[in-house]
Every structure is written in structure tokens, then in C-alpha cells.
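Visitor: Take 10 as the starting number for the sequence shown in this note's numbering and just add one per residue. From the three backbone atoms N, C-alpha and C, an ideal C-beta is built for every residue, glycine too. Only a predicted model underlies this, so the values are computations on that prediction, with no experimental measurement involved.
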Amino acid sequence: MKVHKTIPSLIFAFLALAATAQAQSNVGVVRGTVSDQSGAVITGATVKLTNSITKYDQTVVTDSQGNYQFIDIPFNHYTITVQANSFNQSVKDISVESNLTQQIDLQLNISSTTQIINITTAQELLNPDKTAPSTIIDKNQIVNFASSQPSRSTEEIISSVPGWTLDANGRLHARGLEYQVQYSLDGIPVTDTIAATFASSPDPDNFRSMEITTSNIPAEYGNKVAGIIAVNTKSGLEIPTSGSFTIAGGSFSSFESGFDIGGHTKKFGFYASAAGSTTRRFLDPPVMENLHNSGESIKSFFKLDYNPNPNDLLRFNFSFGGARFQVPNFIDQQSEGQDQRRRLNDNMESFSWQHVFSPKLVSYFALFHRYNFANLKSNDATGPVYALQSRHYTTYGFLGSLTYQFKKNLVKAGLEFTRFPVTESFTFAITDLNEVLEMQPDLPDAVRDFTIQNPFFFRDHRSGWEGSAYLQDHISNIKNFSFDLGVRFDSYHFLVTKNFVSPRVGMSYYIPKTGTVLRASFNRFLETPALENLLLSSSDKTRIFSPAGEDMMMDKHTKKNSKDDLPMEDSKGEPVKPSREWQVDVGFEQRISKYARINADFYYRRLKNPPEIVNFLETGIIFPATLSKSRSKGVETRLDIIPTHGFSAFVSYTNLHIYGFAPITGGLFLGEAVDLFSRSGQRVNIEEDQRNTVVFQTRYDRLPGKAWISFGGRHDSGFSVELEPDASIEEFQKEFPQRVLNQVNFDRGFIKPHTVLNLSIGKDMPINEHLTLSGQFNIQNLADKFYLITFESVFSGTTIGRPRNYSGKLTLSFK
Numbered sequence: 010m011k012v013h014k015t016i017p018s019l020i021f022a023f024l025a026l027a028a029t030a031q032a033q034s035n036v037g038v039v040r041g042t043v044s045d046q047s048g049a050v051i052t053g054a055t056v057k058l059t060n061s062i063t064k065y066d067q068t069v070v071t072d073s074q075g076n077y078q079f080i081d082i083p084f085n086h087y088t089i090t091v092q093a094n095s096f097n098q099s100v101k102d103i104s105v106e107s108n109l110t111q112q113i114d115l116q117l118n119i120s121s122t123t124q125i126i127n128i129t130t131a132q133e134l135l136n137p138d139k140t141a142p143s144t145i146i147d148k149n150q151i152v153n154f155a156s157s158q159p160s161r162s163t164e165e166i167i168s169s170v171p172g173w174t175l176d177a178n179g180r181l182h183a184r185g186l187e188y189q190v191q192y193s194l195d196g197i198p199v200t201d202t203i204a205a206t207f208a209s210s211p212d213p214d215n216f217r218s219m220e221i222t223t224s225n226i227p228a229e230y231g232n233k234v235a236g237i238i239a240v241n242t243k244s245g246l247e248i249p250t251s252g253s254f255t256i257a258g259g260s261f262s263s264f265e266s267g268f269d270i271g272g273h274t275k276k277f278g279f280y281a282s283a284a285g286s287t288t289r290r291f292l293d294p295p296v297m298e299n300l301h302n303s304g305e306s307i308k309s310f311f312k313l314d315y316n317p318n319p320n321d322l323l324r325f326n327f328s329f330g331g332a333r334f335q336v337p338n339f340i341d342q343q344s345e346g347q348d349q350r351r352r353l354n355d356n357m358e359s360f361s362w363q364h365v366f367s368p369k370l371v372s373y374f375a376l377f378h379r380y381n382f383a384n385l386k387s388n389d390a391t392g393p394v395y396a397l398q399s400r401h402y403t404t405y406g407f408l409g410s411l412t413y414q415f416k417k418n419l420v421k422a423g424l425e426f427t428r429f430p431v432t433e434s435f436t437f438a439i440t441d442l443n444e445v446l447e448m449q450p451d452l453p454d455a456v457r458d459f460t461i462q463n464p465f466f467f468r469d470h471r472s473g474w475e476g477s478a479y480l481q482d483h484i485s486n487i488k489n490f491s492f493d494l495g496v497r498f499d500s501y502h503f504l505v506t507k508n509f510v511s512p513r514v515g516m517s518y519y520i521p522k523t524g525t526v527l528r529a530s531f532n533r534f535l536e537t538p539a540l541e542n543l544l545l546s547s548s549d550k551t552r553i554f555s556p557a558g559e560d561m562m563m564d565k566h567t568k569k570n571s572k573d574d575l576p577m578e579d580s581k582g583e584p585v586k587p588s589r590e591w592q593v594d595v596g597f598e599q600r601i602s603k604y605a606r607i608n609a610d611f612y613y614r615r616l617k618n619p620p621e622i623v624n625f626l627e628t629g630i631i632f633p634a635t636l637s638k639s640r641s642k643g644v645e646t647r648l649d650i651i652p653t654h655g656f657s658a659f660v661s662y663t664n665l666h667i668y669g670f671a672p673i674t675g676g677l678f679l680g681e682a683v684d685l686f687s688r689s690g691q692r693v694n695i696e697e698d699q700r701n702t703v704v705f706q707t708r709y710d711r712l713p714g715k716a717w718i719s720f721g722g723r724h725d726s727g728f729s730v731e732l733e734p735d736a737s738i739e740e741f742q743k744e745f746p747q748r749v750l751n752q753v754n755f756d757r758g759f760i761k762p763h764t765v766l767n768l769s770i771g772k773d774m775p776i777n778e779h780l781t782l783s784g785q786f787n788i789q790n791l792a793d794k795f796y797l798i799t800f801e802s803v804f805s806g807t808t809i810g811r812p813r814n815y816s817g818k819l820t821l822s823f824k
């Protein structure tokens, strides 16, 4: 009854706030008029907006009234350059810090010769009013990323940013946390798990830019906040009618084709894209042989903008993604004919309306809907266990905000409401009991009776909701100090109920003389559990699989063949709970001459009920659970070198140390993980505890014929390995070849370090004024380094890294 009373109240309060409605995403608008010294407007003037660090580059031409406009500009510092025939070139620095519209009028001086000015300013290199570091990746850096399947490269691009590591099959970890990464697509939150085995990641070809951060998360973000990926997609309003066709391919019979097209009229803008890919190495295999690993995927995106007047923008986004792929086999499974397959589908729609009341007041209102479906099928030869699964859930809701600027304060207030019905079904049977008992000798007797003829069956459906409100204030440049003050309230209602208040405070201090920005912040967060397989993990019925769970259940024989779950409130087991945490960051940003800058951040974080993942008895079904608590600390640094004489580069370095504490506080733990029940208060290694990560890239753009070359790489010191207490190398020698075992440091409990180097070369070849052909060739893992991504542990299986592979692509662009 309380839920029914609360929801209408939230809706009423929100509609009162958002009766009129600027986008919640981290973008702004710059517009203005170009004129001469007499005040006469200049038509056809070229206005260019650039940032040397991110390589952001956007150009527009003034209309018949001398007006220009840039939309969807990521928060940052920029240089505006204006050129027109018979006038001197003009350069101006600006800063985009909010979604308020800035009016920047520009004036040109008449000259008999055009003066060319090339300038990189200190302001463009530093962000003195930002209280937390972040990395902005522009489309110009995305378009040449090395991949035989460009539409599937999002996670690899993100993992080049400090603070991020990439686990098997594209699972991103922000500061070592599972399941706590949030995408914000044009201001719409996407909080479900996005990886190859869960859902389709967005196609980076659609990105105009993305800002990635792990530090001092603003109060406007909730639910999943270990790392935020704020994506601004391409808009037809900012491009002339143009498009491209791309084909790409490479090793492992990988192939992809795709297209995009966009443009605008006076009031309408449109952008559409689609890509389809196929490969014989869809996932990271568990053995050196790449067995039973083919897959195909498709992605599409459509965006329609309507700009009826300078103060209103209506936007509709639609995306669809799907994949069908084989589950990789072990050698014995391959010989026995095992054929497991997965299918994923997801779609997302959003509608937003932004309204500019004045240059100091804007508002935003949006409705959104996202659907995610996944299933697993097995044939009769599947062993040693047989599994079928089907799950789907929907998230839908609304959000909105008001942004107001007065004096040096930029205040933003907002509300968000989301509802999420979840349905899961799961069938399990044992096909080879002896092999299962080798993996889990203490398998409960009741579970041993589940056969193909008498399987375990689970099905459940629940609906939950979450409501949030926040208030934040950005105070800039008070005697070189800037502050971010925010507070957020979250009310989560699903298998558990939790209300939480999150204060978030940050500050920066700018020292102009040395080109230094000092930063510090303190945040509290509530992070909600992943929805994928959450009912399966939290149900009392599935505790029959855990030896440690028998004493928490009613009579196991009564439960054994039951088709109906007990009500969750009657369960003696613990459902997966939200995580609570606090985090402290300190760091600095330093200008190094006029060509480079370095960012550094140190953090310390404490979590209660930190999230983990568990594999359901070798079925490939991964579900969430929580430990008692965890601690983590680390250093994140990035050096950026702006383009200088055709040369540019970056280096990202991450140092991370994370560890947890038993016992288990929620969800289902199986196999070796059951040992954690008897280790209350003892320290537990976390698989994502990779101590050192280095990513670098250098690029030279002035090869003969206007070609370019890029050389880069990645060094991973190796994830932690949490083995059984009595595990020995001799036992693993029966299962794994020596080449695999050579990649594990059993004394330290870590996978051994590895370094992968990549080389790319490309060229743009204009055909005529309307057509351009671009080509690119890549070699990844140049030295053909053999390495492991993960190795047998409590929370993960074994996965093998990709060997040396070749790829290339051709793109025909038209305008």
C-alpha cells in the first residue's frame, strides 16, 4: 500500500517541476552572430570550434543573418576560430560548463590579407574549475580505432581510460567493481550490464563524443556509479546531408558491414545507422583451441531532432541490438558434440523536450523505455550439466531537471523514476554425475537427482521501482577556488527496500603561475544490484544447490520437485542487497609546457555488500551476489600530448588494489565459493585486483600522401586468482596444458603480466568534392603474445587472450 501512495506523489511532484522542459547529458549550446567593425553581419563566415587534447573539431557556416550555432558540445574548454574572405582571422577561448546556452558574438577586422593564427592556449589544456578529472574521447579518436568489428569495440575504447579494466568477454570494471558501470546515452541512464554475454553495447560509430569518469560522480547520477560513460550521439542538426558505407574484416573470418546517414532541414535533423557483423571468435575461449565460437550481431540507431525555434528542442532516439552466438566448448565437450547457444535482443526508446527560458534558466523532461532479452539453449549432448534459460526485463520511467545560474552559482535540481518488471526461468540437469562430483565433491544429495528426465525448474516474476531526487551546485572561480556541492536521495524497492541519502562534495584550486589545479572530493553512494539473474540468485529455492544453504532451508525433499517458489519474504536465505560505500579522492592536473598536461588522482573506498559474480555450476549462467565488505585504493594518471608537427600521444596508468571480507551477505554461492561461509571476517582476494595497467598510443599524421600511422599497446599485470585453499599445481596439470599453467604465478596468486602491442596505418583518398575513400590496416597483438585473461578461481573460469590478428576496413564517405 505504501508503494501505491508513493508513486503518484513522485509523479505529481515531478510534473510540477517539469511542466516545461535542456538535456541532462553533459553537453551545452554555443550560438552567436559574426559581424564586422561597423556592426554589419557577415554571411558565409566559417566558424570552427576545437579542443587540442580531445581533438574535438566542429565547423559551421554563418547563415544569411550572420548567425551560427554549435549544439551537443561536451563540457570542456575550447577555441573558436572565425574566418571570412577579406577579414582577419579571429580566435577566442570559451568554456562550456553547463547545458545553459551561451551567446558568443564575434567581430572581424577588415584586412587586405588574411592573417592566419595558430594558437594553443593554457586554458585549452587545463580545466581549473573542474573538481574531478575525466577523459573526453571525441569521434575523431573513435573512427580510427583498430578493430575487425568496429561496432563491437566500445568496451576496448573505454578501457584505455585510467581506472578501467577489461575482463573476459568485454566485461568492464570501474575501479575493480562488477556490475556497477552506467552509460548515459544523450542523458538517458542505461544501468543494465552491457557486455557480449549480457546485452549489446552501443555502436561507437554513433558517438559524437563520450566523457568517462570514476571520480566525484555528480549527484545527478545514481543506481550504478562506480564509473560513468556519458555518451553524446551524433545529431543531424550539426551535419550537412552526408553519410558513409563501411566494410571491415580480419582474422577468424571476421566481417562487418555498416552505413550511416544524416542531415537536416531548417527545423529537422535526422541521423540513422546500422551495422551487422559475423566472426568465428565471438567470445574469449576457455581453452587454447578456439572451439565452437561463432557468432553474429546486428545494431541499429535512429535519431530525430525537431528544433521549431531557438528555445525548444524535441528529440526522439531509437536503438536496437541483437546477437546470436555459440558458447565456447572445452575439448571434451567438443568431442562429445555439445552445442550450447545464446541469443540476446535489446531495444531502447526515449523522447525528450528541452526548453530555454533564458540564458540563465533551462529545463529538461524525458520519457524512456528499454527492453532486454536473453536465452540459453543446450542440446542433449551437453555435459556435464544441462541448462536452459530465458530471462527478460524492462526498465521504463521519466526524468527531468531545472538548471539555473546566478552570480557564480550553477544550480541543478532533478527527479527520476524507474520501474523494472523482471521475469526469469531456468532449467538444470546433470548429465555426468561423476564429473560434477569431481568439481564439487560436497554437492548436496538432492541436487544429484536432477536428470534430463527429472530436471530442476525455476521460474519467477517480480516488479520493482526506484525513485530519486537530487540538488547540486557548482560554484566557480572564487579566488581561484571552485566547488561542487550535491546531495541525492534514492528510494529502492525490489527484493529489499532501501532509502539512502548521498552527500557529494568536491573542490579545486587553480594556481595560474605554475599551471596547476589541485582537487579533492568526498562521496557517498548507494549502488543497486544488477538485474541479470537477480531472482535466480536471491531465491530460496536455488539454495538447494549450495551445501552451505541446506541449513537455511525448509525440508529439502519438499523443495526438491516444487515448481513454485516460496514468497521471498518467507525465505530463510538472503537476497542480494544494494551496496553502500564512501569514497575519498585527491589529485592534481598539471600543464607541462604548452604541448602536454598530466592528470593524477588517488582514491580510497570502503564498501558494504560489494557486488560479485558467480558461475552456476559450469552452465555459463552468471549471477550476482555480495560479500560482507571490501576495501580498495588506487592511483589513476593520464598524460596527453596535443598534436605537434603531426605527432600526438597519450599514456594512461592505473594502479589498483581491492580486497574483500567474508562472509557472504546475499545471493547464492556455489562450489569453491561455499568456503567463504566458514571464513567470517577473513580477507578474500577479488579477481578484479589487477595491480598495474598501462595503455598508450602514439600517432603521426604527416606521412607522404597524407597518410597516418599509429602505434600503441596495453600492459596488464594480471588479475588475481582465488584458488581453493588446498589447490595444487599438480591438480591443474591434469586439466590444463603446461603453456596455460606457465601464465599463472601460483605463489603470488596472480596471472602473469603480459603486454600487447598494436599497429595501424591509414589514409584518406578524396575521389572528388563529394566522395572520399578511407582505408585502414591493423595488426593487433603484434608480437603474438600468448596470455590469459582469467584463470580458474572462485568467481570465474579460464579465458584465453586473442593471438595476433589482422584486420582492415574501407569507408566510402559522401556529402
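Relative to the alpha-carbon of E696, which residue among Q343, V749, T432 and S639 has its alpha-carbon at the smallest distance?
Guide: One-based indexing of the sequence shown puts residue 696 at position 687. Minimum Cα distance to E696 is reached at S639.
Visitor: From F823, F670, I651 and P762, pick the residue whose C-alpha is nearest to that of G63; which is it?
Guide: For the purposes of this step, residue 63 is taken as residue 54 along the sequence shown, with counting starting at 1. Note that residue 63 is Thr in the sequence shown, not Gly. Considering only alpha carbons, the answer is I651.
Visitor: Looking at Y709 and G784, is the spacing between their C-beta atoms short of 7 angstroms?
Guide: Start at 1 with the first residue of the sequence shown, and residue 784 comes out as number 775. Start at 1 with the first residue of the sequence shown, and residue 709 comes out as number 700. Result no, Cβ atoms of G784 and Y709 do not sit closer than 7 angstroms.
Visitor: Taking only the alpha-carbon atoms, compute the straight-line gap between S477 and R533 and give it to the nearest angstrom.
Guide: Taking the first residue of the sequence shown as 1, we reach residue 477 at position 468. Taking the first residue of the sequence shown as 1, we reach residue 533 at position 524. Taking the straight line joining both Cα atoms gives about 15 angstroms.
Visitor: By a C-beta neighbour count over all protein chains shown, 10 Å radius and 16 as the cutoff for buried, is L385 buried or exposed?
Guide: As a first step, residue 385 is located in the sequence shown; it is residue number 376 there, counting from the start. Looking at its Cβ environment, which holds 16 or more other Cβ atoms inside 10 Å, L385 is buried.
Visitor: What residue range is occupied by the uninterrupted alpha helix (DSSP H) comprising R457?
Guide: Counting from 1 along the sequence shown, the entry for residue 457 is found at position 448. Looking at the DSSP string, the run of the alpha helix (DSSP H) that includes R457 is D454 to R457.
Visitor: Residue range of the alpha helix (DSSP H) that I167 falls in?
Guide: Reading the sequence shown from its first residue, position 158 is the one you call residue 167. T163 to I167 is the span of the alpha helix (DSSP H), which, as asked, contains I167.
Visitor: Where does D341 fall in DSSP's three states?
Guide: The sequence position of residue 341 within the sequence shown is 332, counting from 1. Correct three-state label for D341: helix.
Visitor: Quick one: residues in its chain with C-beta nearer than 8 angstroms to the C-beta of S47, no 5 flanking neighbours on either side, listed in chain order?
Guide: Here the question's residue 47 lines up with position 38 in the sequence shown. Excluding residues within five positions, none has a Cβ falling inside 8 angstroms.
Visitor: Where I126 and E425 are concerned, what is the direct C-alpha to C-alpha distance, given to the nearest angstrom?
Guide: For the purposes of this step, residue 126 is identified with residue 117 of the sequence shown, where counting begins at 1. For the purposes of this step, residue 425 is identified with residue 416 of the sequence shown, where counting begins at 1. With a pLDDT of only 45 at I126, under 50, the local geometry of the prediction cannot be trusted, and no value is derived from it.
Visitor: Here's the rule: buried if 16 or more other CB atoms are within 10 angstroms of the residue's CB, otherwise exposed. What is E433?
Guide: Counted from its first residue, the sequence shown places residue 433 at position 424. Answer is buried; the Cβ neighbour count reaches 16.
Visitor: Can you tell me whether DSSP reads E739 as helix, strand or coil?
Guide: Within the sequence shown, the letter at position 730 stands for residue 739. E739: helix per DSSP, three-state reduction.
Visitor: With a threshold of 16 other CB atoms inside 10 Å of the CB of Q363, please say whether the residue is buried or exposed.
Guide: The residue given as residue 363 occupies position 354 in the sequence shown. It counts as buried.
Visitor: Under 8 angstroms by Cβ, that's how I've got P198 and R647 pegged, so tell me the actual separation to the nearest angstrom.
Guide: Locating residue 198 in the sequence shown gives position 189, counting from the first residue. Locating residue 647 in the sequence shown gives position 638, counting from the first residue. So it is not a contact: roughly 25 angstroms between Cβ atoms.
Visitor: Using C-beta distances below 6 angstroms, list every residue in its chain close to T206, excluding the 5 sequence neighbours before and after it, in chain order.
Guide: For the purposes of this step, residue 206 is taken as residue 197 along the sequence shown, with counting starting at 1. Closer than 6 angstroms at Cβ, skipping near neighbours: N178.
Visitor: Going by beta carbon distance, what residues of the same chain come within less than 7 angstroms of Q599, once the five residues before and after it are set aside?
Guide: For the purposes of this step, residue 599 is taken as residue 590 along the sequence shown, with counting starting at 1. Excluding sequence neighbours, Q599 sits near G524, T525, R606 and I607.
Visitor: Within its chain, find whatever has a CB closer than 7 angstroms to the CB of Q112; leave out the 5 residues flanking it on each side and keep chain order.
Guide: Counting from 1 along the sequence shown, the entry for residue 112 is found at position 103. So the list reads R40, G41 and P368, once near-sequence residues are dropped.
Visitor: With DSSP as the reference, please indicate the residues paired to A478 in a beta bridge.
Guide: The residue given as residue 478 occupies position 469 in the sequence shown. The partner list for A478 (beta bridge, DSSP) reads L424 and F498.
Visitor: For the candidate residues S661, L452 and T653, whose alpha-carbon lies nearest to that of E645?
Guide: Position 636 of the sequence shown, counted from the first residue, corresponds to residue 645. When only C-alpha atoms are compared, the closest one is S661.
Visitor: Between the Cα of E247 and those of L544, F79 and F339, spot the shortest distance and give me the residue it belongs to.
Guide: Within the sequence shown, numbered from 1, the residue matching residue 247 stands at position 238. Comparing Cα positions, the closest option is F79.
Visitor: Quick check on N225: buried or exposed, where buried means 16 or more other Cβ atoms within 10 Å of its Cβ?
Guide: Looking up residue 225 in the sequence shown gives position 216. Per the 10 Å Cβ criterion, buried.
Visitor: When we look at the beta-carbon of I738 and count the other beta-carbons within 10 Å, is it buried (16 or more) or exposed?
Guide: Taking the sequence shown and counting its residues from 1, one reaches residue 738 at position 729. Exposed, since its Cβ has fewer than 16 Cβ neighbours within 10 Å.
Visitor: In the DSSP output, which residue or residues are listed as bridge partners for H763?
Guide: Within the sequence shown, residue 763 is the residue found at index 754, counting from 1. DSSP lists D725 as partners of H763.
Visitor: Going by C-alpha distance, which of P294, Q699 and R180 is nearest P812?
Guide: Taking the first residue of the sequence shown as 1, we reach residue 812 at position 803. Among P294, Q699 and R180, the Cα nearest to that of P812 belongs to P294.
Visitor: Give the C-beta separation of S209 and S361 to the nearest angstrom, bearing in mind that I take them to be a contact with Cβ-Cβ under 8 angstroms.
Guide: In the sequence shown, residue 209 corresponds to position 200, counting from 1. In the sequence shown, residue 361 corresponds to position 352, counting from 1. Contact flag wrong, Cβ pair sits at about 22 angstroms.
Visitor: Which of the three DSSP states, helix, strand or coil, is assigned to P159?
Guide: Counted from its first residue, the sequence shown places residue 159 at position 150. In this structure, P159 counts as helix in the three-state DSSP scheme.
Visitor: Which same chain residues end up closer than 6 angstroms to S500 when comparing Cβ atoms and leaving out the 5 residues on each side of it in sequence?
Guide: Position 491 of the sequence shown, counted from the first residue, corresponds to residue 500. Cβ neighbours of S500 beyond the five flanking positions: G476 and N508.
Visitor: What are the start and end residues of the beta strand (DSSP E) that includes E265?
Guide: What you label residue 265 is simply residue 256 of the sequence shown in a count that begins at 1. Its beta strand (DSSP E) spans residues S263 to H273.
Visitor: Given a threshold of 16 other Cβ atoms within 10 Å of its Cβ, counted over all protein chains shown, does P159 qualify as buried or as exposed?
Guide: Within the sequence shown, residue 159 is the residue found at index 150, counting from 1. Buried.
Visitor: Quick check on DSSP: helix, strand or coil for D610?
Guide: As a first step, residue 610 is located in the sequence shown; it is residue number 601 there, counting from the start. Of the three classes helix, strand and coil, the one that applies to D610 here is strand, per DSSP.
Visitor: Please report the distance separating the alpha-carbon of G817 from that of G259.
Guide: Your numbering for residue 817 matches position 808 in the sequence shown. Your numbering for residue 259 matches position 250 in the sequence shown. Distance between the alpha carbons of G817 and G259 is about 6 angstroms.
Visitor: With a CB to CB cut of under 7 angstroms and the five nearest residues on each side skipped, what residues in its chain are close to K276?
Guide: The count along the sequence shown starts at 1 and reaches residue 276 at position 267. Same-chain partners within the cutoff: Y315, N316 and P317.
Visitor: If you run the structure through DSSP and keep just helix, strand and coil, what is L385?
Guide: Residue 385 sits at position 376 when you count from the first residue of the sequence shown. Note: L385 maps to strand in three-state DSSP.
Visitor: Can you tell me the Cβ-Cβ gap for K243 and G271, rounded? I've got them flagged as a contact below 8 angstroms.
Guide: Within the sequence shown, numbered from 1, the residue matching residue 243 stands at position 234. Within the sequence shown, numbered from 1, the residue matching residue 271 stands at position 262. Right, their Cβ atoms sit about 6 angstroms apart.
Visitor: Got a sec? Which residues, its chain only, sit under 6 angstroms from Y87 by beta carbon, not counting five neighbours each side?
Guide: Locating residue 87 in the sequence shown gives position 78, where the first residue counts as 1. If we look at Y87 and ignore the five residues flanking it on each side, its Cβ neighbours are L58, N60 and I103.
Visitor: Looking at E106 and G7, is the spacing between their C-beta atoms short of 7 angstroms?
Guide: Only positions 10 to 824 of the chain appear in the structure, and residue 7 is not among them; the question remains open.
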